[in-house]
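Peer 1:
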Amino acid sequence: MAIPKALVLRTAGTNCDRETEYALTQAGFEAERIHVARLIENPAAIANFQFMVIPGGFSYGDDVAAGKILANQILHHLGDAVNEFISNDKLVLGICNGFQVMIKAGLLPWANVSPDQANRDATLAWNDCGKFEDRWIHLRCDSDKCVFLPKGEIIALPIAHGEGKFVPRDDAVMQRLLDGDQAALRYVDAEGNPGSYPVNPNGSIDDIAGICDPSGRLMGLMPHPERFIEVTHHPQWTRGNVQKADGMIMFQRAFEYLK
Amino acid sequence: MIYRVEIRSKNSFGDPHADMVHHQIGELGMESVIGVRSARLFFLIGQLTEVDAERIADELLTDPVIEEYSVGSSGQPEDAALIEVHLKAGVMDPVAASAVKAVTDMGLPIEGIRTARRYELLGDVNDEQKRKVAVKLLANAVIEDMYFEDHTPLEMSAHSYDFEVIEVPIRDLDDEALMKLSVDGDMFLNITEMKAIQDYFKSLGREARDVELEMIAQTWSEHCGHKTFRSDVVVRNNAGEIVEEIPNLLKNTVFGSTNELNKPWCLNVFEDNAGVIEFDETHAVCFKVETHNHPSAIEPYGGAATGIGGVVRDPMGTGLGASPVANTDVFCFGPTDMPLDDVPKGVLHPRRVMRRVVAGVRDYGNRMGIPTVNGAVYFDKRYLGNPLVYCGTIGMLPADKCTKRQPAPGDAIICVGGRTGRDGIHGATFSSGELTHEHETEFSHAVQIGNAITEKKVLDTIMQARDLDLYSSITDCGAGGLSSAVGEMGEQIGAEVHIDRVPLKYDGLTYSEIWISEAQERMVLAVPPENVERILKIFADEDVDATVIGTYGTENRKLRLFYDSTEVLELDMEFLHDGLPRPTKEAIYEKVDTPSPTPPQRDDYTQTLLNILASPNVASKEWIIRQYDHEVQGGSVIKPLVGVTEDGPGDAAVVRPVLESSKGVVISCGMNPHLGDLDPYQSALHAVDEALRNSIAVGGNLERTAILDNFCWGNCNKPDRMGTFVQAAKACYDAAMAYQTPFVSGKDSLNNEFQTDTGETIAIPSTLLISAMSVVDDAAKCVTADAKEAGNSMFLLGETSGKLGGSHYLLVEGLETGNDVPEVDPTANRKLMLTLQKAIEDGIVRSCHDLSEGGLAAAAAEMAFSGGMGVELQLDNNTTASEQAQLFGEDAGRFLVEVTAENRDAFAEAVKDLPAAEIGKVTDTGQVVIRGDSGTLINTPIEAAKEAWQGTFDW
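Protein chains in written order, with our numbering: chain A, 1 to 259; chain B, 260 to 1214.
1) By DSSP, does B/Ala340 sit in helix, in strand, or in coil?
2) For the region 200-231 of chain A, list every residue whose C-beta sits within 7 Å of some C-beta in chain B, in sequence order.
3) In the DSSP assignment, find the beta strand (DSSP E) that holds B/Leu784 and state where it starts and stops.
4) My assumption, with CB atoms under 8 Å, is that B/Gln886 sits in contact with A/Lys259. Please give the rounded CB distance.
5) What's the gap between the Cα of A/Ile154 and the Cα of A/Glu84?
6) So, A/Leu221 versus A/Tyr187, is the Cβ gap smaller than 8 Å?
7) Beta-carbon within less than 7 Å of B/His757's beta-carbon, same chain only, minus the 5 sequence neighbours each way: which residues are those?
8) Can you name the start and end residues of the beta strand (DSSP E) that B/Gly651 belongs to?
9) Tell me, please, whether the CB atom of B/Gln886 is closer than 8 Å to any CB atom in chain A?
10) State the DSSP-derived secondary structure class of B/Pro666, mapped to helix, strand or coil.
11) Consult DSSP for B/Ala878 and reduce its assignment to one of helix, strand or coil.
12) Using C-beta distances below 6 Å, list every residue in its chain close to B/Lys660, excluding the 5 sequence neighbours before and after it, in chain order.
13) Determine the contact status of B/Cys928 and B/Val783, defining contact as a CB-CB distance below 8 Å.
14) What residue range does the beta strand (DSSP E) around B/Asp1007 cover?
15) Taking CB distances under 8 Å as the criterion, tell me whether A/Ile155 reaches chain B.
16) Return helix, strand or coil for B/His698, following the three-state DSSP convention.
17) Restricting to Cα atoms, I'd like to know which of A/Gly195, A/Ala156, A/His161 is closest to A/Lys244.
18) For the alpha helix (DSSP H) that contains B/Thr379, what are its first and last residues?
19) Leaving out five residues before and five after B/Ala997 in sequence, what residues of the same chain have Cβ atoms less than 6 Å from its Cβ?
20) For B/Gly809, name the three-state secondary structure that DSSP assigns.
21) Smallest Cα separation from B/Arg819: which of B/Asp804, B/Leu835, B/Ala805, B/Thr806?
22) Going by C-alpha to C-alpha distance, which of B/Lys764, B/Gly958, B/Ala1207, B/Met446 sits closest to B/Pro875?
23) Using a Cβ-Cβ cut-off of 8 Å, state whether A/Gly61 counts as contacting chain B.
24) DSSP three-state call for B/Gln242: helix, strand or coil?
25) How about A/Ile137: is its C-beta nearer than 8 Å to some C-beta of chain B?
26) Taking Cβ-Cβ distances shorter than 9 Å, what residues in chain B pair up with A/Glu19?
27) Compare the C-alpha of B/Pro840 against each of B/Ala476, B/Phe407, B/Glu949, B/Thr813 and name the closest.
28) Which ranges would you report for the alpha helix (DSSP H) in the region 391-443 of chain B if only whole runs of at least 4 residues count?
29) Verify whether the separation of the beta carbon atoms of B/Glu777 and B/Asp682 is less than 8 Å.
30) Report the rounded CA-to-CA distance for B/Leu607 versus B/His551, giving the unit in angstroms.
31) Along the chain, where does the beta strand (DSSP E) containing B/Ile672 start, and where does it finish?
32) Quick check: the region 1003-1021 of chain B against the region 963-973 of chain B, are at least 3 beta-carbon pairs closer than 8 Å?
33) Relative to the C-alpha of A/Gln279, which residue among A/Arg38, A/Pro223, A/Gly195, A/Ile229 is closest?
34) Look at the Cβ atom of B/Met748, then the Cβ atom of B/Pro666, and state whether they are nearer than 8 Å.
35) So what's B/Asp800 in DSSP terms, helix, strand or just coil?
36) Starting from the C-beta of B/His698, find all residues in its chain whose C-beta is less than 6 Å away, skip the five residues before and the five after it, and write them out in chain order.
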């Protein structure tokens, strides 16, 4: 079988692309980091890949709003290529800034990249605490259809962001997400129960840390799976109670799906 | 045409930024403000229609889910006091730059964008209060204008520049006139130096040109030349008798030890922008720590941000270019609880300085994608007018590219990265002078504003060019700008530069300003002619400015500068770099022993412990640490916060810079300005010991540890300051030799003094920061300080002398301290550290914490509450040290170690030749209990200890 190819999309201010590429290769992918300007020169190139990952960072410094300017480039220069890509049973994963980009480009929640509809139904707003925070949190995988996550499991991952508060436009949008089984990942405590700050570190509505599109093949999340692919990544590994690296699951499941 | 766009949160959603401003207004003690509304302002400039403006606002600038916009001004609110804060024209505005790019992507004709912030204060607010909020909280006059009505800027009109070579007569000046020239020109040079310059131009048979004087002043500045450290010193005692004469202080202290130790794994030391040591067969690791004190005093956010931005460029400009993998930051501030009205004129409140400095480091480091993993914060009222901001960067580079190559004659000089503006003009000379209360205005042009993303783009592209071997040499544009960078690179062969080719942020700069500007995010490369086209494409492909501005190599080592092909500068490299007269410095030092008074005996010291844990230097810095991304790049092994709830103190950070490798780099630091006041020699030994202690405590390898020195001192033209400086420098030599840890890089920042409007001069405490990096083979063998299991044994390693001079115990008890600082025995401590290091490598240490501020009691409490465990310890009853000294003494070279029952005997055997004792156990009671002969001296629940430790900076 051919080894699935993963595209790690980078641009000015992307800064988690190398460790994301490393995690992908650890999972079995053939991974390549490509600058958005190269794709804009040749949008067809995206068709050579089965998996597109938009990694974390501060694309264009998060100027104007997090992920907004890269999303704007995708909307105005790569719309057709990306819509074509996602209609072909391929996968897209947005991590942290990548999640912000997917929301603002319309890849999430409805898998529709078009300038006048993107970013209308949901957004990632400033954390309630008003500042950037780096901390480890627990998450519950809540979706049956999400390709990347095992429903029911509770995992630990680090977050590191200032704009990660998930906000749907209104209750109707929220209901549609729930009905579509798209609320894939929620902030919980170690026992799996919801809680206030810092259990929910940014004030996300309904504790949502990540969502998928109606197909379950496109996902965005604020936490960083690529930062927990070794036991020694966990802040408590020296206590001897960390058995597995939860972040690896997402890359492995993507690989299983595509291989 | 200009369109004004206002963007604000929908009422149904909160506005965290407005809330934070409201919170900080409360801290100013202004209850009358009952709420704050804020808005982001964009001014769109260009041939746009109303429809275009609406579309830009709707699709790009506004988040339609939570925000709403209006085009045009909402005017003066009826129910609130209005403050608008606008960036001054010409000040770097990254948001505006990105927005212009995005509007262009939308296919609309935009010429420029400006941004501003609008605040509406609700409640009963009078003009004076409004002004106070604006000045103290919202705007910094150095870079921003504030308006109390709605303001729309005029279209930017570029100033033109009429080129004219400016000649400065110098040959016939007398001493007085020479000094006037030095002062009026902000040259900060003394008469000997000015005379040397005069003689040089006499020998040339012509007068000087302005840019030539600027360049010499810069090259010879304290900041670039380190002339104090390189000078010969005469040391006298209080009676004025000469006790010692030291030629070239630096060479005979810090450098000296490195040369004598001559470690084969030291690959590139002191010569380059950062010190380089071996990591593995194919990689080398480098470390540089810089200070950015004066700019941070004036504009804390920009000063700190460019401090990080600047030090990140040092590794990038080391060897043939290193990639940054970790940052460190150490700050010294005035007391943050100081009443607003006690703050002297021309000084920002320490709380604001701290908030803004942290924000600056956070925003630049996080955006660059470099984890900030280690640091410290120290407080003293003498830092009020002169805060210290140390920033460090660790970088990785290929082993075969870790030394600098000389540019070859004919190599193109390529300037890469940020455009050049007036930012930071006179930064180098400025940081070499004393601050006065007028500096806030006088030197505002020395303030630099950074753009992290520009630097990230430069990094991304330079690494590609490095790996393709497209350039022969590289250096960063730091203090002194192009003048220093090209001057240093061309030192051996000369250089010719066409200054009018340098890309500018805006018109109107003189050739002189372009040459000495310290605009950020710039690197200079020497590129062989055949590679120029390829390298320019790499930069162009990722939208990075890169311009050929000249060539290296001239006849007889000259530096020539042209503007519109008219020569404006011609200097001999030899004079520039070797012409600086090396003065002899006067130093006075004599230690007169004054023992500390015996502190009162008590039967319970629990409250003392809590006070120490809550004292600013000891208290948790979680508020700062959480705002830094300390895990980006995926190499994090030991984090700055550890323990069962991930909020306990980490002694040192460990990162794996090469993801495929198990090898790690341990990063730690040590400093103690408080001891510096009492005994500068012992203080420096303590600083080195603490940096090494912290490293060893997590599993560092002493035999592969390199250290860095950063001296921040007062004005060393004053013999007493020079006296303590010499003591500390000598201690650095002795420590390096005894621990066998070579210095590989260092920097000094002198003249850290502040003159108040009442004419009083305040010098900072003599502050030596020691930073350490250690390479370990298996990062997975490292340990943390949090107590692990009930029943484990606790061992205390190291001698306790009984001396309390300079201890935090005396500090929090408000007791006078003598200068009886505990003496450090580096040789004994090295032996102990090597033994402990082996035990950790052998896996028989469950947890380990070093003893520092607050001594045994503080260390025990920190281990306990970090692990969610109790501890029960028994003090030694056959020692001369008092109970207070055993509890709180701050002797160096001591550790508290947790060992499991099964490894207890093995560990006891390992340390049998050391001062070591099993002093208690880890318990499951959740109580910190320490007993002496007279009974229980400390007994507190860990919750109380942790609360005290966390409460101080719970911002």
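Where is the CB? At the ideal position from N, CA and C, for every residue including glycine.
Just so we're clear, the structure is a prediction, and the values are computed from it rather than from any experiment.
Peer 2: Once the coordinates are examined:
1) For B/Ala340, the secondary structure class from DSSP, reduced to helix, strand or coil, is strand.
2) If you check each beta-carbon in the region 200-231 of chain A against every beta-carbon of chain B, the ones closer than 7 Å belong to Glu226, Arg227.
3) That run of the beta strand (DSSP E) goes 781-786.
4) About 40 Å separates the two Cβ atoms, so there is no contact after all.
5) So the two alpha carbons sit approximately 34 Å from each other.
6) No, the pair does not count as a contact, with Cβ atoms beyond the cut-off.
7) Closer than 7 Å at the Cβ level, and outside the excluded window around B/His757, lie Ile808, Gly809, Phe821.
8) According to the DSSP assignment, B/Gly651 belongs to the beta strand (DSSP E) that extends over 647-657.
9) So, interface residue.
10) The answer is coil: DSSP assigns B/Pro666 none of H, G, I, E or B.
11) In this structure, B/Ala878 counts as coil in the three-state DSSP scheme.
12) Excluding residues within five positions, the ones whose Cβ falls inside 6 Å are Gly578, Leu579.
13) No, Cβ-Cβ distance for B/Cys928 and B/Val783 is not below 8 Å.
14) That run of the beta strand (DSSP E) goes 1002-1008.
15) No, because no Cβ of chain B sits closer than 8 Å to the Cβ of A/Ile155.
16) Note on B/His698: pLDDT 46, under 50, position unreliable in the model; no value is reported.
17) Closest option to A/Lys244, Cα to Cα, is A/Ala156.
18) Going by the sequence as given, residue 379 of chain B is Glu instead of Thr. It is not in any alpha helix (DSSP H) - B/Glu379 instead sits in the beta strand (DSSP E) that spans 371-382.
19) Sequence-distant partners of B/Ala997 (beyond 5 residues in either direction) whose C-beta falls short of 6 Å from its own C-beta, in its chain, are Pro1085, Thr1086.
20) In the structure shown, the three-state DSSP call for B/Gly809 is strand.
21) Of B/Asp804, B/Leu835, B/Ala805, B/Thr806, the smallest CA-CA separation from B/Arg819 is found for B/Leu835.
22) Ranked by Cα distance from B/Pro875, the first of B/Lys764, B/Gly958, B/Ala1207, B/Met446 is B/Ala1207.
23) Judged by the 8 Å Cβ criterion, A/Gly61 is in contact with chain B.
24) Since the first and last residues shown for chain B are 260 and 1214, residue 242 of chain B lies out of range.
25) By this cut-off, A/Ile137 is not an interface position.
26) Against chain B, a Cβ distance below 9 Å from A/Glu19 picks out Val891, Gln892, Gly893, Gly894, Leu918.
27) Relative to B/Pro840, the option among B/Ala476, B/Phe407, B/Glu949, B/Thr813 whose CA is nearest is B/Ala476.
28) Segments of the alpha helix (DSSP H) lying fully in the region 391-443 of chain B: 434-443.
29) Yes; because the gap between Cβ atoms is below 8 Å, this pair is in contact.
30) Each residue's Cα considered, the two are about 16 Å apart.
31) In this chain, the beta strand (DSSP E) harbouring B/Ile672 covers 671-676.
32) Between the region 963-973 of chain B and the region 1003-1021 of chain B, the count of Cβ pairs shorter than 8 Å is three or higher; the stretches touch.
33) Absent from the structure is residue 279 of chain A, since the part of chain A shown begins at 1 and ends at 259.
34) Note that the C-beta distance between B/Met748 and B/Pro666 is below 8 Å.
35) B/Asp800 sits in a helix when the DSSP states are folded into three classes.
36) Only weak support is given to the placement of B/His698: the predicted model assigns it a pLDDT of 46, under 50, and the question is left unresolved by the model.
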